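Peer 1: A single structure is presented below for examination.
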Amino acid sequence: MDRSKITDSQGKDPEYNFHSSSKGSIYSMDKLTTESAEDSVSVGKSKLFDSSINKPEDTGVSIPSSVAEAGDSEVKLDISSELIAEPLPDSASELFVPSSIRPPALDGSNPAVPFQPSKVVLIGTAHVSEKSVAEVRNAIRNLKPDIVAVELCRARYDSLKGNIPETNQLPIKEILSEGKVYYYLVHWLLAYVQKKIGDDMGVKPGAEMLSAIAEAEASGARVALIDRDIQVTLQRFWGRMKFTEKIKMLGSLIGGLIGIGGSEIDIDQITQQDVVTALVSELREFAPTAAETLIDERDAYLAGSILRVAAGGNKTIVAVIGAGHKPGVINYLKNPKSIPPLSSLMELPKKRIGIGKIVGFGIVGLAILVFLLLIASGTPLKLLLIAFIWWFIINGVLSAAGALLAGGHPYSVLTAFSVAWLTSLNPMMAAGWFAGLVEAKQRNPTTDDIKALAGIDTFKGMFKNRFMRVLLVASFANIGSVMGTFLGAYVMMQVTGFDPQDLLQSGFSALGL
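So, in structure tokens, the structure goes:
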């Protein structure tokens with residue numbers, strides 16, 4: 001696909017721009033941004049009136065009696081659509097978007113823009129199943145849709161198609177300073193686990209999406225990217241989760257990485273409704289915030305995007321989505337008034353003071369209090385200096401050890417050693433930020449390293465990838481610094497003979513209290 005060629009839809013669906021090629025057209029739902037000053041929406045290089053993508057008013061989406069629900073062996077297609085009346089797979093459901101339904105706007109407004117019904121066929125897939133690949137391919141060939149909507153955003157589409165620029169530099173400073181290191185690591189863990197399952201099944205992750213795109217291109221259908229931007233999803237996923245959920249999630253992912261715990265599931269059965277329900281219920285119990293972000297929010301976003309694609313009527317749309325999203329998407333399509341403004345699902349979580357920072361501020365406050373009480377109680381300056389030296393050495397050594405364990409450059413190790421004592425006293429900074437920046441300067445990672453992340457399946461591969469090396473150095477240096485903070489505080493108390501109760505009494509006595 002040539003992204004440089006951007007045209008309008010030549011009179012059809014004026015609310016979208018298409019990224020054209022000789023084989024077909026692609027339009028993306030994830031780049032829409034509201035410009036309130038002009039009451040318009042920017043898509044690519046064009047500005048379009050907000051009234052073209054409005055939130056639905058009615059709740060009248062229904063499945064006609066002549067159309068079967070998912071699970072039935074055959075589906076009778078609408079004769080007027082002039083489509084081939086072939087059975088759809090069990091993973092497919094067919095719905096009609098009536099003329100009274102309007103596509104959801106980013107801001108939730110609802111001007112009256114009626115249009116004729118469009119037919120939507122939802123196909124729930126397992127992302128690493130050859131059966132799903134075949135079902136998607138056959139459904140598109142039989143239905144010959146006008147539009148094929150896929151559960152991808154622009155970034156994931158480019159990744160699957162290999163369209164990531166080779167020379168772009170990565171925003172390492174932003175990644176480190178904004179605390180994105182850990183959600184990049186989580187992203188890699190998720191991708192690796194999926195790739196491992198795909199390797200076992202002999203299917204490339206995302207193969208059913210690639211198959212859908214290829215069939216659309218071959219038939220002249222347009223391709224709609226209907227998922228939320230992956231970076232927004234990851235930031236909301238990581239930013240909204242509680243600390244305990246993060247620990248459980250990381251433990252589960254690492255367990256899956258090394259094959260500990262869990263039970264075997266037949267991938268081809270994942271599209272079955274009872275299996276989907278069980279898996280989603282388990283995730284909700286295990287990590288409710290993660291389930292809300294990864295499933296519920298994206299269900300709403302996918303449904304809203306499908307309604308926007310269906311705007312204008314007289315279209316047949318095949319939507320290829322994960323089996324876990326299918327029940328939620330159907331529910332939203334039946335009740336479109338329940339779809340929230342899509343702009344609310346694109347908002348990044350506000351930075352909050354988490355448990356880690358609360359503990360950090362507590363340690364800083366305690367350290368300052370200890371020094372003040374030691375001075376007030378007449379502790380010799382020499383003893384205070386010795387305690388500080390221990391603090392400096394312990395923090396520096398453990399942080400540097402973390403960077404060294406991650407295979408950091410000598411300059412990165414030295415940086416971690418030099419700054420750890422100070423960053424431990426400032427919860428707004430982290431030793432890993434500085435060590436990671438130095439590592440990035442030495443390694444110079446590019447987008448090519450991002451592309452190679454999913455293929456990493458050995459420890460050697462982790463250390464060979466320059467971007468992964470930066471992430472590891474930053475995270476390990478931080479972990480070492482945290483350990484150094486607690487150990488350093490303990491050693492300082494031992495060196496100074498610090499007893500909180502006695503020291504408080506001595507300090508208050510010295511102050512005349």
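With the first letter of the sequence shown counted as 1, position 287 gets the number 287 in full-length UniProt numbering; the numbers rise by one all the way through.
C-beta atoms are modelled at their ideal positions from N, C-alpha and C, and glycine is treated no differently.
Just so we're clear, the structure is a prediction, and the values are computed from it rather than from any experiment.
Would you kindly work out how many angstroms separate the C-alpha atoms of residue 294 and residue 444, rounded to a whole number?
Peer 2: Whole-angstrom Cα-Cα distance: 32 Å.
Peer 1: What's the gap between the Cα of residue 117 and the Cα of residue 473?
Peer 2: Each residue's Cα considered, the two are about 55 Å apart.
Peer 1: I'd like to check one pair, residue 121 with residue 134: are the Cβ atoms closer than 8 Å?
Peer 2: Against a cut-off of 8 Å, the Cβ pair of residue 121 and residue 134 comes out as no contact.
Peer 1: Go through the segment 297-353 residue by residue and report every complete run of the alpha helix (DSSP H) that reaches 4 residues or more, in order.
Peer 2: Qualifying alpha helix (DSSP H) stretches, in chain order: 297-310 and 326-334.
Peer 1: In three-state DSSP terms, what is residue 383?
Peer 2: Note: residue 383 maps to helix in three-state DSSP.
Peer 1: Output needed for residue 419: all residues of its chain with C-beta closer than 7 Å, excluding positions within five of it in sequence on either side, in chain order.
Peer 2: Taken in chain order, the residues that qualify are 431 and 434.
Peer 1: Is it true that the segment 374-386 meets the segment 400-411, where meeting means three or more beta-carbon pairs spaced less than 8 Å apart?
Peer 2: Because the criterion of three Cβ pairs below 8 Å is not met, the segment 374-386 and the segment 400-411 do not touch.
Peer 1: For the alpha helix (DSSP H) holding residue 420, just list the boundary residues, first then last.
Peer 2: Unbroken alpha helix (DSSP H) run through residue 420: 410-423.
Peer 1: Are the Cβ atoms of residue 143 and residue 318 separated by less than 8 Å?
Peer 2: The answer is yes: Cβ separation under 8 Å.
Peer 1: Cβ of residue 448 within 8 Å of Cβ of residue 316?
Peer 2: Not in contact: residue 448 and residue 316 (Cβ atoms no closer than 8 Å).
Peer 1: Here's the rule I'm using: 16 or more other beta-carbon atoms within 10 Å means buried, otherwise exposed. How should residue 129 be labelled?
Peer 2: It counts as buried.
Peer 1: Given residue 248, which residues of its chain have a CB within under 8 Å of its CB, disregarding the five upstream and five downstream residues?
Peer 2: Contacts found: 286 and 287.
Peer 1: Taking residue 387 and residue 485 to be in contact with their CB atoms under 8 Å, please state how far apart those CB atoms are, rounded to whole angstroms.
Peer 2: Contact doesn't hold; Cβ gap of about 14 Å is too wide.
Peer 1: To the nearest angstrom, how far is it from the Cα of residue 307 to the Cα of residue 324?
Peer 2: Whole-angstrom Cα-Cα distance: 19 Å.
Peer 1: Quick one: any contact between the segment 151-164 and the segment 329-343, if contact means 3 or more CB pairs under 8 Å?
Peer 2: Flag = no, the segment 151-164 and the segment 329-343 do not touch.
Peer 1: If we call anything under 8 Å between Cβ atoms a contact, is residue 124 one with residue 328?
Peer 2: Contact flag unset, no.
Peer 1: Can you round the beta-carbon distance between residue 476 and residue 400 to whole angstroms, since I take them to be within the 8 Å contact cut?
Peer 2: About 10 Å separates the two Cβ atoms, so there is no contact after all.
Peer 1: Give me the Cβ distance between residue 309 and residue 223, rounded to the nearest whole Å; I'm assuming they're in contact under 8 Å.
Peer 2: That pair is no contact at about 10 Å.
Peer 1: Using the three-state DSSP reduction, which class does residue 456 fall into: helix, strand or coil?
Peer 2: The answer is coil: DSSP assigns residue 456 none of H, G, I, E or B.
Peer 1: What is the DSSP secondary structure of residue 117, counted as helix, strand or coil?
Peer 2: DSSP places residue 117 in coil when its eight states are reduced to three.
Peer 1: Just to confirm before moving on: does the CB-CB distance between residue 398 and residue 481 stay below 8 Å?
Peer 2: Yes.
Peer 1: Using a Cβ-Cβ cut-off of 7 Å (strictly less than) and excluding sequence neighbours within five positions of residue 340, which residues of its own chain qualify?
Peer 2: The residues are 300.
Peer 1: What is the DSSP secondary structure of residue 393, reduced to helix, strand or coil?
Peer 2: Reduced to three states, the DSSP call for residue 393 is helix.
Peer 1: Mapping the DSSP letters down to three states, classify residue 163 as helix, strand or coil.
Peer 2: DSSP places residue 163 in coil when its eight states are reduced to three.
Peer 1: Measuring only the C-alpha atoms, how far is residue 59 from residue 229?
Peer 2: The pLDDT assigned to residue 59 is 26, lower than 50, so where the model puts this residue is not dependable, and the model offers no usable value.
Peer 1: In whole angstroms, what is the alpha-carbon distance linking residue 290 and residue 381?
Peer 2: If you take the alpha carbons of residue 290 and residue 381, they lie about 51 Å apart.
Peer 1: Assign residue 483 to one of three DSSP states: helix, strand, or coil.
Peer 2: Helix at residue 483.
Peer 1: Using a 10 Å radius around the Cβ and a threshold of 16 neighbouring Cβ atoms, would you call residue 233 buried or exposed?
Peer 2: Residue 233 should be labelled buried.
Peer 1: Taking the CB atoms as reference points, tell me whether residue 226 and residue 151 lie closer together than 8 Å.
Peer 2: For residue 226 and residue 151, yes; Cβs fall inside 8 Å.
Peer 1: Of all the options 470, 239, 463 and 158, which has the alpha carbon lying nearest to the alpha carbon of residue 348?
Peer 2: Nearest option by C-alpha distance: 239.
Peer 1: Which residues in the same chain have their Cβ closer than 6 Å to the Cβ of residue 346, if we skip the five residues on either side of it in sequence?
Peer 2: Taken in chain order, the residues that qualify are 232.
Peer 1: Is the beta carbon of residue 391 closer than 8 Å to that of residue 492?
Peer 2: Yes, the pair counts as a contact, with Cβ atoms nearer than the cut-off.
Peer 1: Hey, would you say residue 417 sits closer than 8 Å to residue 396, going by beta carbons?
Peer 2: Yes, they are a contact pair.
Peer 1: Note down the Cα distance separating residue 215 from residue 478, rounded to an integer number of angstroms.
Peer 2: Going from the Cα of residue 215 to the Cα of residue 478 covers about 47 Å.
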